[in-house]
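Sequential numbering from 186 applies to the sequence shown in the numbering used here.
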Amino acid sequence: MQVSKKLVNSVPGCADDALAGLVACNPAIQLLQGHQVALRSDLENIRGRVALLSGGGSGHEPAHAGYIGKGMLTGVVAGAVFTSPAVGSILAAIRAVTQAGSAGTLLIVKNYTGDRLNFGLALERARAEGADVQMVVVGDDSAFTTQKKAGRRGLCGTVLIHKVAGALAEAGASLEKVVHRVKAAAGAMGTLGVSLSPCSVPGSGPTFQLAQDELELGLGIHGEAGVRRMKMVPADEIVKTMLDHMSSSSNASRVALEPGASVVLVVNNLGGLSFLELGVVAGAAVHCLEDRGVCVARALVGTFMTALEMAGVSLTLLLADDDLLGLIDAETTAVAWPNLARVPVTGRSRVLAAPEEGPKVEEPIPAGAPASQRVQLVLERVCSTLLGLQEELNELDRAAGDGDCGSTHARAARAIQEWLNSTPLPARPSQLLSTLARLLLEKMGGSSGALYGLFLTAAAQPLQSHSDPAAWAAAMEAGIEAMQRYGGAAPGDRTMLDSLCAAAEELRALQAPGADLLPVLAKAVQSAEAAAESTKNMEAGAGRASYISSACLELPDPGAVAAAAVLRAVLEGLQSQSG
Numbered sequence: 186m187q188v189s190k191k192l193v194n195s196v197p198g199c200a201d202d203a204l205a206g207l208v209a210c211n212p213a214i215q216l217l218q219g220h221q222v223a224l225r226s227d228l229e230n231i232r233g234r235v236a237l238l239s240g241g242g243s244g245h246e247p248a249h250a251g252y253i254g255k256g257m258l259t260g261v262v263a264g265a266v267f268t269s270p271a272v273g274s275i276l277a278a279i280r281a282v283t284q285a286g287s288a289g290t291l292l293i294v295k296n297y298t299g300d301r302l303n304f305g306l307a308l309e310r311a312r313a314e315g316a317d318v319q320m321v322v323v324g325d326d327s328a329f330t331t332q333k334k335a336g337r338r339g340l341c342g343t344v345l346i347h348k349v350a351g352a353l354a355e356a357g358a359s360l361e362k363v364v365h366r367v368k369a370a371a372g373a374m375g376t377l378g379v380s381l382s383p384c385s386v387p388g389s390g391p392t393f394q395l396a397q398d399e400l401e402l403g404l405g406i407h408g409e410a411g412v413r414r415m416k417m418v419p420a421d422e423i424v425k426t427m428l429d430h431m432s433s434s435s436n437a438s439r440v441a442l443e444p445g446a447s448v449v450l451v452v453n454n455l456g457g458l459s460f461l462e463l464g465v466v467a468g469a470a471v472h473c474l475e476d477r478g479v480c481v482a483r484a485l486v487g488t489f490m491t492a493l494e495m496a497g498v499s500l501t502l503l504l505a506d507d508d509l510l511g512l513i514d515a516e517t518t519a520v521a522w523p524n525l526a527r528v529p530v531t532g533r534s535r536v537l538a539a540p541e542e543g544p545k546v547e548e549p550i551p552a553g554a555p556a557s558q559r560v561q562l563v564l565e566r567v568c569s570t571l572l573g574l575q576e577e578l579n580e581l582d583r584a585a586g587d588g589d590c591g592s593t594h595a596r597a598a599r600a601i602q603e604w605l606n607s608t609p610l611p612a613r614p615s616q617l618l619s620t621l622a623r624l625l626l627e628k629m630g631g632s633s634g635a636l637y638g639l640f641l642t643a644a645a646q647p648l649q650s651h652s653d654p655a656a657w658a659a660a661m662e663a664g665i666e667a668m669q670r671y672g673g674a675a676p677g678d679r680t681m682l683d684s685l686c687a688a689a690e691e692l693r694a695l696q697a698p699g700a701d702l703l704p705v706l707a708k709a710v711q712s713a714e715a716a717a718e719s720t721k722n723m724e725a726g727a728g729r730a731s732y733i734s735s736a737c738l739e740l741p742d743p744g745a746v747a748a749a750a751v752l753r754a755v756l757e758g759l760q761s762q763s764g
């Protein structure tokens with residue numbers, strides 16, 4: 186078995202170190218000496234109020250210590266990774282808040298056997314000492330369609346229970362009232378998770394195996410497998426499947442998502458999902474619920490209760506009326522609770538109309554302006570060239586990190602193709618380049634989009650009054666100057682400028698009277714291609730590649746290769762239409 190890599194000091198001490206680290210960075214939390222217990226630093230302020238204690242095994246961070254604070258938990262008791270905390274530590278926490286003058290203590294426990302047993306035993310011992318203690322067991326799992334004897338597992342919905350209970354306690358509610366309201370909320374809630382990969386407990390390997398094209402539906406938060414496996418499908422379909430499962434009339438643990446219902450939605454990162462994917466899932470969940478006529482009253486998107494580094498997401502739905510929303514909206518100082526907008530997600534405008542462009546200034550058509558058909562054929566050649574180079578450029582770019590240079594240029598090519606098929610070409614060269622600049626800035630993305638946009642915007646200026654070969658040579662110089670001024674690179678830095686500058690040197694010959702365009706352009710293309718090839722012997726001085734050891738950069742720069750390929754395509758496009 187291959188043991189996973191973890192940034193820990195030791196496997197036995199990692200849970201203690203993690204809790205101590207949170208306390209070290211948060212003056213509002215303190216440790217209870219001799220125990221794996223974290224408590225509010227201002228325990229004197231809970232006098233006369235209900236104290237709230239929760240906890241469980243570590244590995245679910247930021248749960249539960251991240252929810253300690255005014256308006257949420259008074260303290261938490263942590264066990265080792267995925268292991269219920271010790272009875273002695275739970276009892277010590279109850280004693281600490283009782284001695285601080287609390288008006289009773291509520292234990293909020295996720296429904297797992299070890300947690301129920303250990304928190305329950307601590308409760309009985311505390312009661313024997315005269316403490317007023319009650320316990321609520323949260324089971325919000327909607328994975329199993331038939332009721333299990335053990336009941337529903339406690340998942341991310343527990344965080345919402347912390348918030349509801351915390352708001353009530355802070356407002357001075359009695360222990361009985363807090364228990365009653367919390368049980369009602371817990372009964373109107375469901376959670377379902379899906380994962381793309383397992384997690385691994387420190388010192389061990391993965392908890393289960395998933396094929397590359399599979400995902401796990403209905404898994405818990407301790408690395409256990411789910412209720413079924415599915416093939417990978419788009420995120421929208423995954424979210425729909427999750428919501429269908431959670432609300433199915435045949436599911437004994439269903440959430441009653443009737444049209445007109447109002448819900449609090451929690452989109453929870455199970456630990457290793459990228460925030461990009463989390464945003465995709467969140468948007469899909471909101472749209473899917475709204476399509477069912479459900480009002481998303483509040484939406485929490487982030488990392489709330491994890492399973493170590495599991496790449497997955499859970500959706501929690503809490504049916505909520507105005508009173509419950511008031512408790513969700515109540516202020517808290519807990520560091521892991523998000524800065525939540527106190528307005529419904531559903532029913533608001535999500536798009537601001539873009540400002541209109543200013544009136545376009547009509548430019549006179551300069552002498553020697555190229556015919557639209559000729560330009561279209563050249564641009565089509567450029568696009569087909571870039572699309573054909575996509576994988577080659579991506580492979581070259583992987584040496585410097587992200588490996589998307591070919592995809593970025595292909596995105597630009599497709600945008601130009603779409604534009605060519607939908608819009609007449611501008612007759613004026615300056616307008617042509619300015620339009621291409623705006624198109625690439627909007628559609629291409631990345632630093633390449635910005636650099637090409639700069640180049641074309643600046644190159645358009647010399648072409649406003651002339652478009653003879655000399656003006657095009659001047660346009661090349663102007664574009665390169667703008668790229669150097671704003672991009673910070675220079676020839677020799679292993680960038681696209683190496684190709685462009687080499688070509689510009691040759692294109693200066695066009696400024697001589699009677700210069701023949703195609704032979705000069707052919708020499709410029711040869712120089713650009715030679716310069717692109719020579720970049721594999723250069724040490725990068727700009728761009729992402731400058732952070733990579735030169736020993737790793739044995740291939741030519743993809744930007745330089747792409748620029749040379751564009752020039753080659755322009756040449757071939759013109760040659761195909763000559764004589």
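Glycine included, each C-beta is placed from N, C-alpha and C at the ideal position.
Bear in mind the structure is a predicted one, so any value in this text is a computation, not a measurement.
| Asked | Found |
| --- | --- |
| Say yes only if the C-beta of N606 is nearer than 7 Å to one or more non-hydrogen atoms of the ligand ADP, and no if none qualify. | Although the ligand ADP was asked about, the structure shown includes no ligands whatsoever. |
| Is the separation between the beta-carbon of V498 and that of P387 shorter than 8 Å? | no |
| Quick one: residues in its chain with C-beta nearer than 7 Å to the C-beta of L610, no 5 flanking neighbours on either side, listed in chain order? | S557, V560, Q561, L617 |
| Where does the unbroken beta strand (DSSP E) through L436 begin, and where does it stop? | Checking the sequence, you will find Asn at residue 436 rather than Leu. Segment: none, N436 is in no beta strand (DSSP E) and carries neither H nor E. |
| Apply the 10 Å Cβ neighbour rule to K368 and answer buried if 16 or more other Cβ atoms are within range, or exposed otherwise. | exposed |
| Give the straight-line distance between the Cα atoms of L404 and I231, rounded to the nearest whole angstrom. | 37 Å |
| Pull up the distance between the alpha-carbon of S734 and that of A420, whole angstroms please. | Confidence at S734 is low in this model, with a pLDDT of 49, below 50, so the placement of that residue should be treated as unreliable; the coordinate-derived value is given next. Distance between the alpha carbons of S734 and A420: 37 Å. |
| Please look up how many angstroms separate the CB atoms of G342 and L503, rounded, as I've assumed it's under 8 Å. | 7 Å |
| Would you decide whether A736 is buried or exposed? Buried here means 16 or more other CB atoms lie within 10 Å of its CB. | Here the model assigns A736 a pLDDT of 41, short of 50, so the residue's position is not dependable, and the following value carries that caveat. A736 is exposed by the Cβ-count criterion. |
| Does DSSP classify K295 as helix, strand or coil? | strand |
| Just the Cα atoms here: how many angstroms apart are G553 and H651? | Reliability fails at G553, whose pLDDT of 48 lies under 50, so the model's placement of it is uncertain and no value is given. |
| Bridge partners for Q215 per DSSP, in chain order? | L224 |
| Return the chain-ordered list of same chain residues with a C-beta closer than 6 Å to the C-beta of L702, the five sequence neighbours on each side being excluded. | P654 |
| Skipping 5 residues on each side, what residues in its chain have a beta carbon closer than 6 Å to that of L474? | V481 |
| With 16 as the cutoff for other CB atoms within 10 Å, does P523 come out buried or exposed? | exposed |
| Please report the straight-line C-alpha distance between S534 and V261, rounded to a whole angstrom. | 40 Å |
| Please report how far the alpha carbon of E516 lies from the alpha carbon of L510, in whole angstroms. | 12 Å |
| Beta-carbon separation of R225 and G206 under 8 Å? | no |
| When you compare the CB positions of M257 and H365, do they come within less than 8 Å of one another, or not? | no |
| Name the one or two DSSP bridge partners that D326 has. | T376 |
| Could you give the distance in angstroms between the alpha-carbon of V318 and the alpha-carbon of A311? | 7 Å |
| Could you pull the DSSP bridge partners for T290 from this structure? | A236, V318 |
| Give me the Cα-Cα distance between G289 and S269, rounded to the nearest whole angstrom. | 23 Å |
| Here's a check: name, in chain order, each residue in its chain whose Cβ is nearer than 7 Å to the Cβ of K416, leaving out the five neighbours to either side. | D398, E399 |
| Going straight from the alpha carbon of V188 to that of G390, what length do you get? | 5 Å |
| Just confirm the distance between the C-beta atoms of M629 and A660, as a whole number of angstroms; I'd bet it's less than 8 Å. | Going by Cβ atoms, the distance from M629 to A660 rounds to 20 Å, so no, they are not a contact pair. |
| Could you check whether V486 and A469 sit closer than 8 Å to each other, using their CB atoms as the reference points? | no |
| With burial defined as no fewer than 16 other Cβ atoms inside 10 Å of the residue's Cβ, what is the status of Q332: buried or exposed? | exposed |
| Considering G264, what are the terminal residues of the beta strand (DSSP E) in which it resides? | 260 to 266 |
| Taking only three categories from DSSP, how would you classify N453? | strand |
| Under 8 Å, with one C-beta from each stretch per pair, do the segment 211 to 220 and the segment 449 to 467 reach the 3-pair mark? | no |
| On the premise that A354 lies in contact with V235, defined as a C-beta separation below 8 Å, what is that separation, rounded to the nearest angstrom? | 4 Å |
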